[in-house]
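Below: one structure, written as structure tokens.
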RNA sequence: GCGGGCGUGGCGGAAUUGGUAGACGCGCCGGAUUUAGGAUCCGGUGGGCACUGCUCGUGGAGGUUCAAGUCCUCUCGCCCGCACCA
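Numbering (my numbering), first residue to last: 158 to 1007.
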């Protein structure tokens, strides 16, 4: 025995020691013992040899609110299986874990209990560490991080300053999403169905001066580099593509006489310019006031603008709603026709898409059509499916020819668009994106302080690198009140300007927590670095992440932000790769009683009590056995009993095998094929071992179908148990050797899923350190039997089975099939049409009545 | 409306390439053990029937093929994402 590996006999209760009785499987006895052994053996260490490229397996880090739930258990167990599997196939694997520990839940919990967010967070982390400990996941804890600790957020601030220097972090006045409950602004990505992603409150619009990341600069790269993401689920790529919302079209400037000013619109249909019969501004458009002045419509328009501002996002974006709007009393010149067309203000025009204004072509756009009908505005057809066709309006198809469109008349819509854009100086083709810049500032306490100083003389001044971290100050009141609680820390706010040394004020907003989690995967690779967030050389050896696993709910949040950060860091030459996650797996959720597990529904199954009752190994197996890992699954209380019974059966089988004297008392090599061919039972056992190896290897590796891998292990255990039960007292030695071989193969294969029991049973079989054993290899020769069973079909229907020699030829197989009594009877009085022979599988005799 | 995905026993799900549909587990039924219950172990378990066998059967309707859960056409239902995006 090597140091640190406990003796398995300690699990044997005294009254089990008499001969003939097996020690009982008591997970609580063996599991802590083996976890201690792994720690001593440094199983989870991840040190690279000189010149070695590492393998990086990563799961999305938890938010430390309360305890872990079954979704985490599934997520981290999947990552753990892959970690062990790759490790045993020779890779050095980085498998780290940390805490995404800034954010609203801890802060709100602290406000509720009158506590301190820091204490609440650190307390939660302590509790979760307990849970991590009990699950036996192989995690390199020497690399752990928590985003709320200064040794981490110092570098979040440092990275912010690099973005600031590049003009990628900036401040602007803009309409923003405001959550009235959490009293803070939100990013577009954090508004779901018009409501705050965190608390579900309907968000309001406010015009505020806020900090943004210029993610829109990277819109096209974020789309283009999806080519590198072959190992990502199509669903996630589609969601990101929709979110970025690229559309090709043209900018066209319309001239307004009274203001003598051009107003720009974006259109995807420049070919329909001649059909623009009116013009619409968003209520928030900056020219609304100036344009209306002196028309007599001032009051009506300003009332409308005010009403629009009060509408919730949900009401505003409801397409079913009747169109509303008001006439400004002004006109604008259609550059194609030279006609003066009326300018309206309407809330179906969104302020933050395109130019916040549009040319309305009611004949060929449903929304413009509805608006024209409501307000009696003219409708002019400029596209027809064929020359002269009187299509029903609105005719919105892009297929067709232009009519009544000046020189472009008769051209296809595509050619016409080009001709029209070419003709007018004030029109040019352009690409527009739906993606907006990422609003990163928050008016809340529990977040990374933005390292900026506001000076009356110098303006916005970055905190110098050597003054980082800007520590989060202590405050007495965390209550959100529309401005950051940090503003109350007057001593902290008041600071000398780094540039001119006069008194200045610190920025009091904090960063969105998604900033923290946009680079954590880089820090793990170089977590102890004290002079930089990470070293490029080190990071390039581990990243991109080989396998990332997490929930699909982050498709347009974390996963988009992390891609953006990586691209910026690539451009800053801080990393040598453009995509952070080479392969992404999105796991399904675990439901119970048809609903998501939640405290309010009372259907939560907490991990720790389940471990106490069934053992960590049974729970690990069960969450993966539930179904394909990318699908949602229903937790069934009885189900985990099934995986526990499997472990009990495996335990009995391995202990039974360990007592077979003829099998020896240590790990054996593969029995020779010659020996196996002499004994059918021995051959069955060795074949079962190899079949399981083939299935489990393929299921963990390329397919990630852990449920069927576990099923294969159950099957192999059932085969072994059955053959051990029917073993004759005078069985030849090769049978016992084969039992030992099957037992050690199953234990070796089950190790990534159930590492505790595997460690124990491996030592019962006389081996050391199952976690360090090479992964079993599959050999086809072992599963090939002397005889095989062929299915016999007559006219495609199964009519019998025949046992034939494995190396039989087609003629022999057909003969054997016809010789089958039942088949022969069916063939009587028929004439052969065709014989089909699929080697190793079946014979199909196609006949017709004679 | 646009995009992505899914429909197989009482339930969760299997079936890498078209080749014996229902692996594995839950549940259920029977047996052993037990004073009993529970637990455990062993066996059975898609439906129907004139039950050594036949027949129906992968949401539905067609088609291709010797052979279809798998390929093609149409269709029904469910889930998820985006959506007044010009």
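All C-beta atoms, glycine included, are put in the ideal place defined by N, C-alpha and C.
All values derive from a computational prediction rather than experimental measurement.
Original post:
At what residue ranges does the stretch 625-698 contain a whole run of the beta strand (DSSP E), taking only runs of 3 or more?
Top reply: Within the stretch 625-698, the complete beta strand (DSSP E) segments at least 3 residues long are 651-653, 660-663, listed from N- to C-terminus.
Original post:
When you compare only the Cα positions, how much space is there between residue 766 and residue 776?
Top reply: Looking at the two C-alpha atoms, the distance is approximately 11 angstroms.
Original post:
Going by DSSP, what residues sit across from residue 891 in a beta bridge?
Top reply: None; residue 891 has no bridge partner.
Original post:
How would you label residue 293, buried or exposed, when you count the other beta carbons within 10 angstroms and need 16 or more for buried?
Top reply: When all chains shown are included, residue 293 counts as buried.
Original post:
Given 8 angstroms as the limit, is there contact between the stretch 214-227 and the stretch 194-203, that is, 3 or more CB pairs closer than that?
Top reply: No contact exists between the stretch 214-227 and the stretch 194-203.
Original post:
Between which two residues does the alpha helix (DSSP H) harbouring residue 232 extend?
Top reply: 227-245 is the extent of the alpha helix (DSSP H) around residue 232.
**OP:** Give every residue of the same chain whose Cβ lies closer than 7 angstroms to the Cβ of residue 163, excluding the five residues on either side of it in the sequence, and list them in chain order.
**Re:** Confidence in residue 163 is poor, its pLDDT being 39 and thus under 50, which makes the residue's placement too unreliable to answer from.
Original post:
If you drop the 5 nearest sequence neighbours on each side, which residues of the same chain put their C-beta closer than 6 angstroms to that of residue 989?
Top reply: 1004.
Original post:
For residue 744, which of helix, strand or coil comes out of DSSP?
Top reply: In this structure, DSSP gives residue 744 an extended state, which the three-state scheme calls strand.
Subject >> Where residue 168 sits in the DSSP three-state scheme >> reply: Because the pLDDT at residue 168 is just 36, under 50, the model does not fix this residue reliably, and the value given afterwards should be weighed accordingly. Residue state for residue 168 is assigned as helix, using DSSP reduced to three classes.
Original post:
Opposite residue 359 in the DSSP bridges: which residues?
Top reply: Partner(s): 352.
Original post:
Distance, Cα to Cα, residue 992 vs residue 943?
Top reply: Whole-angstrom Cα-Cα distance: 24 angstroms.
Original post:
According to the Cβ coordinates, are residue 153 and residue 278 closer than 7 angstroms?
Top reply: No information on residue 153 is available, as it lies outside the stretch 158 to 1007 that the chain covers here.
Subject >> Helix, strand or coil at residue 706 [DSSP, three-state] >> reply: DSSP places residue 706 in strand when its eight states are reduced to three.
**OP:** Classify residue 761 as helix, strand or coil using the three-state DSSP reduction.
**Re:** Coil.
Original post:
What residue range is occupied by the uninterrupted beta strand (DSSP E) comprising residue 956?
Top reply: Run containing residue 956: 954-962, per the beta strand (DSSP E) assignment.
**OP:** Measure the CB-CB distance between residue 513 and residue 439 and report whether it falls below 7 angstroms.
**Re:** Cβ distance < 7 angstroms, so residue 513 and residue 439 count as in contact.
**OP:** Leaving out five residues on either side along the sequence, give the residues of the same chain with a beta carbon under 7 angstroms from the beta carbon of residue 997.
**Re:** For residue 997, where only same-chain residues beyond five positions count, the Cβ hits under 7 angstroms are 945.
**OP:** Compare the Cα-Cα distances from residue 563 to each of 581, 813, 550 and report the closest residue.
**Re:** For residue 563, the nearest C-alpha among the options comes from 581.
Original post:
residue 593: which of 473, 462, 422, 402 sits nearest, CA to CA?
Top reply: Taking only the C-alpha atoms, the option nearest residue 593 is 402.
Original post:
Among residues of its own chain, excluding the 5 on either side of residue 904, which ones have a beta-carbon nearer than 6 angstroms to its beta-carbon?
Top reply: Excluding residues within five positions, the ones whose Cβ falls inside 6 angstroms are 915, 918, 919.
Subject >> Beta-carbon gap between residue 521 and residue 551 smaller than 7 angstroms >> reply: Contact: yes.
Original post:
Excluding sequence positions up to five away, which residues of its chain have a Cβ less than 7 angstroms from the Cβ of residue 608?
Top reply: Around residue 608: 314, 317, 318, 619, 620, 625, 627.
Original post:
CB-CB under 7 angstroms to residue 900, same chain, minus the five flanking residues each way: which ones, in chain order?
Top reply: Excluding positions up to five away in sequence, the list reads 810, 811, 814, 877, 922.
Subject >> Secondary structure of residue 484, DSSP reduced to three states >> reply: Looking at residue 484 - three-state DSSP - the assignment turns out to be strand.
**OP:** Report the three-state DSSP secondary structure of residue 343 (helix, strand or coil).
**Re:** The three-state reading of DSSP puts residue 343 in strand, counting E and B together.
Original post:
Can you name the residues that DSSP bridges to residue 407?
Top reply: Residue pairing by DSSP places residue 407 opposite 424, 586 in a beta bridge.
Original post:
Just to confirm, are residue 610 and residue 663 a CB contact at a threshold of 7 angstroms?
Top reply: Taking the C-beta atoms as reference points, residue 663 is found nearer than 7 angstroms to residue 610.
Original post:
With 16 as the cutoff for other CB atoms within 10 Å, does residue 660 come out buried or exposed?
Top reply: Residue 660 counts as exposed, since fewer than 16 other C-beta atoms from the protein chains shown sit within 10 angstroms of its C-beta.
Original post:
Looking at the structure shown, is residue 380 part of a helix, part of a strand, or coil, going by DSSP?
Top reply: Residue 380 falls in the helix class under three-state DSSP.
Subject >> Extent of the continuous alpha helix (DSSP H) run through residue 522 >> reply: Counting along the chain, residue 522 sits inside no alpha helix (DSSP H), nor does DSSP assign it H or E at all.
Original post:
Under three-state DSSP, which class holds residue 321?
Top reply: In the three-state DSSP reduction, residue 321 falls in the helix class (H, G or I).
Original post:
Using the rule of at least 16 other Cβ atoms within 10 Å of the residue's Cβ for burial, across every protein chain shown, is residue 449 buried or exposed?
Top reply: With 16 or more Cβ atoms within 10 Å of its Cβ, residue 449 is classed as buried.
Original post:
Nearest to residue 534 by alpha carbon, out of 930, 499, 359, 961?
Top reply: Selected option, being the one with the closest Cα: 499.
Subject >> Boundaries (first-last residue) of the beta strand (DSSP E) holding residue 724 >> reply: Here residue 724 belongs to no beta strand (DSSP E); instead the alpha helix (DSSP H) covers 715-728.
Original post:
Is DSSP giving residue 330 helix, strand or coil here?
Top reply: If DSSP states are grouped into helix, strand and coil, residue 330 belongs with the strands.
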